[in-house]
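**Q**
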Amino acid sequence: MRAPDSPTEQPLLELDNLRVNFHTATGIVRAVRGLSFTLGRERLGIVGESGSGKSMTGRAILDLIPHPGEVQADKLVYRGQNLLTMDKGSRRKLRGRHISMVMQDPKFSLNPVKTVGEQIAEAYRVHHKASSREAKERSLTMLEAVQIREPARVYDLYPHEVSGGMGQRVMIAMMLIAEPDILIADEPTSALDVTVQLQVLKILDDLVTSRGMGLIFISHDLHLVQSFCDRVIVMYGGKAMETLPAAELADESARAHRHPYTLGLLDCLPDLDHRKDKLATLKRDPAWLA
Amino acid sequence: MNTNPAIIVEKLNVSFGDSHVVKDLSFSVASGESYGIVGESGSGKSTVLRVLAGLNREWGGDVTILGSKQPKVRDKAFYRAVQMVFQDPYGSLHPKKTVDDTLAEPLAIHGIEDAEARIERAMKDVGLPNSFRFRFPHQLSGGQRQRVAIARALVLEPRILLLDEPTSALDVSIQAEVLNLLQALRKERNLTYILVSHDLAVVAHMCERLLVMQFGRGVEEMTAETLAARSPQTAYAQQLLVASEGFRRQTA
Chain A
728 MRAPDSPTEQ PLLELDNLRV NFHTATGIVR AVRGLSFTLG RERLGIVGES
778 GSGKSMTGRA ILDLIPHPGE VQADKLVYRG QNLLTMDKGS RRKLRGRHIS
828 MVMQDPKFSL NPVKTVGEQI AEAYRVHHKA SSREAKERSL TMLEAVQIRE
878 PARVYDLYPH EVSGGMGQRV MIAMMLIAEP DILIADEPTS ALDVTVQLQV
928 LKILDDLVTS RGMGLIFISH DLHLVQSFCD RVIVMYGGKA METLPAAELA
978 DESARAHRHP YTLGLLDCLP DLDHRKDKLA TLKRDPAWLA
Chain B
7 MNTNPAIIVE KLNVSFGDSH VVKDLSFSVA SGESYGIVGE SGSGKSTVLR
57 VLAGLNREWG GDVTILGSKQ PKVRDKAFYR AVQMVFQDPY GSLHPKKTVD
107 DTLAEPLAIH GIEDAEARIE RAMKDVGLPN SFRFRFPHQL SGGQRQRVAI
157 ARALVLEPRI LLLDEPTSAL DVSIQAEVLN LLQALRKERN LTYILVSHDL
207 AVVAHMCERL LVMQFGRGVE EMTAETLAAR SPQTAYAQQL LVASEGFRRQ
257 TA
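Which chain is which? The protein sequence lines are A and B, in order.
For the first sequence, the numbering used here assigns the number 728 to the initial residue and increments by one for each residue that follows.
For the second sequence, the numbering used here assigns the number 7 to the initial residue and increments by one for each residue that follows.
1. Just grab the DSSP bridge partners of Phe-224/B for me.
2. Using 8 angstroms as the limit for Cβ to Cβ distance, is Arg-215/B near chain A?
3. Show which residues of chain A have a CB atom less than 7 angstroms away from the CB atom of Glu-183/B.
4. Is there contact here, the stretch 184-192 of chain B with the stretch 18-26 of chain B, by at least three beta-carbon pairs under 8 angstroms?
5. My understanding is that Thr-905/A touches Ala-862/A, with C-beta atoms under 8 angstroms, so please give their C-beta distance in whole angstroms.
6. Use the C-beta contact count for Gln-145/B: other C-beta atoms within 10 angstroms, 16 or more gives buried, fewer gives exposed.
7. Under 8 angstroms, do His-204/B and Asp-920/A count as touching if we go by C-beta distance?
8. Within 8 angstroms, do at least three Cβ pairs link the stretch 93-113 of chain B to the stretch 69-76 of chain B?
9. Could you tell me whether the Cβ atoms of Leu-992/A and Leu-949/A are closer together than 8 angstroms?
10. Based on Cα-Cα distance, which residue from Glu-877/A, Val-759/A, His-986/A, Thr-922/A lies nearest to Ile-788/A?
11. Who are the near neighbours of Asp-994/A in its chain, counting only those whose CB is closer than 7 angstroms to its CB and skipping five residues on each side?
12. Using a beta-carbon distance below 8 angstroms, is Ser-203/B in contact with chain A?
13. Leaving out the 5 sequence neighbours to the left and right, which residues in its chain are closer than 7 angstroms to His-887/A when beta-carbon positions are compared?
14. Within 10 angstroms of its Cβ, does Asp-814/A collect 16 or more other Cβ (buried), or is it exposed?
15. For Leu-745/A, which beta-bridge partners are listed by DSSP?
16. When the Cβ atoms of the stretch 763-779 of chain A are set against those of the stretch 949-968 of chain A, are three or more pairs found closer than 8 angstroms?
17. Check each candidate in Val-248/B, Asp-30/B, Asn-10/B and name the one with the smallest Cα separation from Asn-19/B.
18. Report the residue from Tyr-96/B, His-100/B, Glu-16/B, Leu-61/B whose alpha carbon sits nearest the alpha carbon of Gly-149/B.
19. Does the beta-carbon distance from Ala-36/B to Phe-92/B come in below 8 angstroms?
20. If you draw a straight line from the alpha carbon of Leu-201/B to that of Val-15/B, how long is it in whole angstroms?
21. For Gln-874/A versus Gly-807/A, is the C-beta spacing smaller than 8 angstroms?
22. In chain B, what lies closer than 7 angstroms to Lys-834/A by C-beta?
23. Between Leu-216/B and Leu-197/B, what straight-line distance do the alpha-carbon atoms span, to the nearest angstrom?
24. With 8 angstroms as the threshold, decide whether the Cβ of Arg-56/B is near any Cβ in chain A.
25. When you compare the CB positions of Ser-890/A and Glu-914/A, do they come within less than 8 angstroms of one another, or not?
26. Rounding to the nearest angstrom, what Cα-Cα distance links Gly-73/B and Gly-117/B in this structure?
27. Find the residues of chain B that neighbour Gln-953/A, judging by a C-beta separation of less than 8 angstroms, and give them in chain order.
28. Hey, which unbroken runs of the beta strand (DSSP E) at 3 residues or more fall wholly within the stretch 962-1012 of chain A?
29. Please check if any C-beta of chain A sits within less than 8 angstroms of the C-beta of His-26/B.
30. Is it buried or exposed, Arg-151/B, if we count other Cβ atoms within 10 angstroms and call 16 or more buried?
31. Taking only beta-carbon atoms, is Gly-991/A less than 8 angstroms away from chain B?
32. Count the other C-beta atoms from every protein chain shown that fall within 10 angstroms of the C-beta of Thr-240/B, then say buried if there are 16 or more, exposed otherwise.
33. Give me the Cα-Cα distance between Ala-230/B and Val-208/B, rounded to the nearest whole angstrom.
34. In whole angstroms, give me the CA-to-CA distance for Pro-112/B and Leu-1009/A.
35. Is there at least one Cβ from chain B nearer than 8 angstroms to Glu-958/A's Cβ?
36. I'd like to know if Gln-245/B contacts chain A, where contact means its C-beta is closer than 8 angstroms to some C-beta of that chain.
In structure tokens, the structure reads:
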């Protein structure tokens, strides 16, 4: 499968003590409170409930935190380049070209008045000097790469003419055409049916394997993350509760080592194999956030 | 159990213009039973629920609910017996009405006298403190909103609840609370449920029997045990089951 990371290889992304604060009229809302991780050429899952800060983490890496948010960190380094001291213009050049993000819902993230093909070609021409014909050719290849059967036909469709699964593939094509090193996928399959979901995951998986991309996969779906990712960060209230190999999530014998929050999340899912009269509910401990 | 069916659907057909979205669908649900309908988007599962609830007035076939054949337009008595809970608690509550207004409205429509006592009871049943009655939806969390939506359905003391993806907009921990609440209410009041969901594990947890739909047709009806034993008969049901177990990397 994947070539294991050699220990000497520089990580794609290093993050130390990331904090995202929103200064609001009623006080400071701390969305992310001191998150640290490094990303190699791997599939890193971030799971958590709504409000756990998982999406904000992805946005902070891309410098996409809206006003009045502020990002602080002790270290935020992309392949040796310090992102904290970098000016807005350079961050912008990095964004989309080297680090890019797939959003949750294609219905709201594609431009409704441009054909999907034009949008993909535009993404390419923003980052590369290319003629429009060359950009179109690249876009068609990309549409094919995300397994769209008739790329030439789909190129001329508007977003409202494509299905949810196809829209999501178009977004992935758009994000990948610049060949980024890091792809942040924020709930890329939550709006999709299970069978389509698996096709989209397969595409992402192939890209990590074949291109050596680093993938940050943000999701609320524990089953999915467990089966898809290499490593998982479990977030709660803006903090990482624990980081663990994804395979250990399902490992019953490793339960004793798990964080109570992780166990709580696992236990409150209905399970086909173990039918219970009553589902366990999650008990939150304020000490987790201390 | 099937001696006294609460809901009988026979040869139900629904078309919107040229698209035929429900095709010759038949099933029956016993009184006190919980029946699941699963399928992917566009399979027609929500449309079936909307027909049963009287929200969709263009359909063909026979629908018998609590022993009486249903006309296209339902009367008031029907809505006292059958209530629906919608998917999105952010969209299904009036943003400018307090919880109290929301719960009082169905009672006013049906001219029920003891509104105060009924609202208090409904709030208690769904586990919300009485002080929440004077909050607006934006002052509630997603789980609390869905509890209000359930309370609104319960306030008329219906016998049948139609549940359209009641937990798919909620976090898993909140989902567990809402599912537990629905289970407890059903036991306590001997309610009949039809639960529409795309989540097989949720349906297996909540329902005794379920129907798999694809392209508007009922593909297979099975018991929750069959599902848990992973032995559905049809290829499509098998495929759904495999897909719901998460991602599998081909070791090729």
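Every residue gets a Cβ at the ideal spot worked out from N, C-alpha and C, and that includes glycine.
**A** Taking the structure as given:
1. Residue 224/B sits at position 218 when you count from the first residue of the second sequence. Checking the displayed sequence, the identity of residue 224/B turns out to be Gly instead of Phe. Answer is Met-219/B, bridged to Gly-224/B.
2. For the purposes of this step, residue 215/B is taken as the residue at position 209 of the second sequence. Not an interface residue.
3. Counted from its first residue, the second sequence places residue 183/B at position 177. Thr-1008, listed in chain order.
4. no
5. Residue mapping note: residue 905/A aligns to position 178 of the first sequence, counting from 1. Residue mapping note: residue 862/A aligns to position 135 of the first sequence, counting from 1. One detail in the question is off: residue 905/A reads as Ala in this sequence, not Thr. Between Ala-862/A and Ala-905/A the Cβ distance is about 11 angstroms, and since that is not below 8 angstroms, they are no contact.
6. The residue labelled residue 145/B in the question sits at position 139 within the second sequence. By the 10 Å Cβ count, Gln-145/B comes out exposed.
7. On the second sequence, residue 204/B is found 198 positions in, with the first residue counted as 1. On the first sequence, residue 920/A is found 193 positions in, with the first residue counted as 1. Yes, they are a contact pair.
8. No contact exists between the stretch 69-76 of chain B and the stretch 93-113 of chain B.
9. On the first sequence, position 265 is the one that residue 992/A refers to. On the first sequence, position 222 is the one that residue 949/A refers to. Yes.
10. Stepping through the first sequence from its first residue, residue 788/A is reached at position 61. Among Glu-877/A, Val-759/A, His-986/A, Thr-922/A, the Cα nearest to that of Ile-788/A belongs to Val-759/A.
11. Taking the first sequence and counting its residues from 1, one reaches residue 994/A at position 267. Excluding sequence neighbours, Asp-994/A sits near Ala-1007.
12. Your numbering for residue 203/B matches position 197 in the second sequence. For Ser-203/B, no CB of chain A lies under 8 angstroms from its own CB, so it is not counted at the interface with that chain.
13. As a first step, residue 887/A must be located in the first sequence, where it is residue number 160. So the list reads Pro-839, once near-sequence residues are dropped.
14. Counting from 1 along the first sequence, the entry for residue 814/A is found at position 87. Under this definition Asp-814/A is an exposed residue.
15. Here residue 745/A is taken as the residue at index 18 of the first sequence, counted from 1. Looking at the DSSP assignment, Leu-745/A forms a beta bridge with Leu-762/A.
16. yes
17. Along the second sequence, one-based indexing puts residue 19/B at 13. Out of Val-248/B, Asp-30/B, Asn-10/B, Asp-30/B has the C-alpha closest to the C-alpha of Asn-19/B.
18. If you number the second sequence from 1, residue 149/B lands on position 143. Among Tyr-96/B, His-100/B, Glu-16/B, Leu-61/B, the Cα nearest to that of Gly-149/B is on Tyr-96/B.
19. Residue 36/B sits at position 30 when you count from the first residue of the second sequence. Residue 92/B sits at position 86 when you count from the first residue of the second sequence. No, they are not a contact pair.
20. As a first step, residue 201/B is located in the second sequence; it is residue number 195 there, counting from the start. As a first step, residue 15/B is located in the second sequence; it is residue number 9 there, counting from the start. Computed Cα separation, rounded: 15 angstroms.
21. Locating residue 874/A in the first sequence gives position 147, counting from the first residue. Locating residue 807/A in the first sequence gives position 80, counting from the first residue. Against a cut-off of 8 angstroms, the Cβ pair of Gly-807/A and Gln-874/A comes out as no contact.
22. Numbered from its first residue, the first sequence carries residue 834/A at position 107. At a C-beta separation below 7 angstroms, Lys-834/A has no neighbours in chain B, since its nearest C-beta there lies roughly 12 angstroms away.
23. Residue numbering aside, residue 216/B sits at position 210 when the second sequence is read from its first letter. Residue numbering aside, residue 197/B sits at position 191 when the second sequence is read from its first letter. Distance between the alpha carbons of Leu-216/B and Leu-197/B is about 17 angstroms.
24. Counting from 1 along the second sequence, the entry for residue 56/B is found at position 50. It does not; no Cβ of chain A falls within 8 angstroms.
25. In the first sequence, counting from the first residue as 1, residue 890/A sits at position 163. In the first sequence, counting from the first residue as 1, residue 914/A sits at position 187. Cβ distance not < 8 angstroms, so Ser-890/A and Glu-914/A don't count as in contact.
26. As a working note, residue 73/B is residue 67 in the second sequence. As a working note, residue 117/B is residue 111 in the second sequence. Taking the straight line from one Cα to the other gives about 24 angstroms.
27. Residue numbering aside, residue 953/A sits at position 226 when the first sequence is read from its first letter. Neighbours of Gln-953/A on chain B, chain order: Gly-252.
28. Runs of the beta strand (DSSP E) inside the stretch 962-1012 of chain A: 966-972.
29. Here residue 26/B corresponds to residue number 20 of the second sequence, with the count starting at 1. Not one chain A Cβ lies under 8 angstroms of His-26/B.
30. Position 145 of the second sequence, counted from the first residue, corresponds to residue 151/B. So Arg-151/B ends up on the buried side.
31. Translated into positions along the first sequence, residue 991/A becomes position 264. Yes, its Cβ sits closer than 8 angstroms to a Cβ of chain B.
32. Position 234 of the second sequence, counted from the start, is the residue given in the question as residue 240/B. Thr-240/B should be labelled exposed.
33. For this step, residue 230/B is matched to residue 224 along the second sequence. For this step, residue 208/B is matched to residue 202 along the second sequence. Each residue's Cα considered, the two are about 11 angstroms apart.
34. Start at 1 with the first residue of the second sequence, and residue 112/B comes out as number 106. Start at 1 with the first residue of the first sequence, and residue 1009/A comes out as number 282. Taking the straight line from one Cα to the other gives about 33 angstroms.
35. The sequence position of residue 958/A within the first sequence is 231, counting from 1. Note that residue 958/A is Arg in the sequence shown here, rather than Glu. Answer no: the Cβ-Cβ gap between Arg-958/A and chain B never drops below 8 angstroms.
36. Position 239 of the second sequence, counted from the first residue, corresponds to residue 245/B. So yes, Gln-245/B belongs to the interface.
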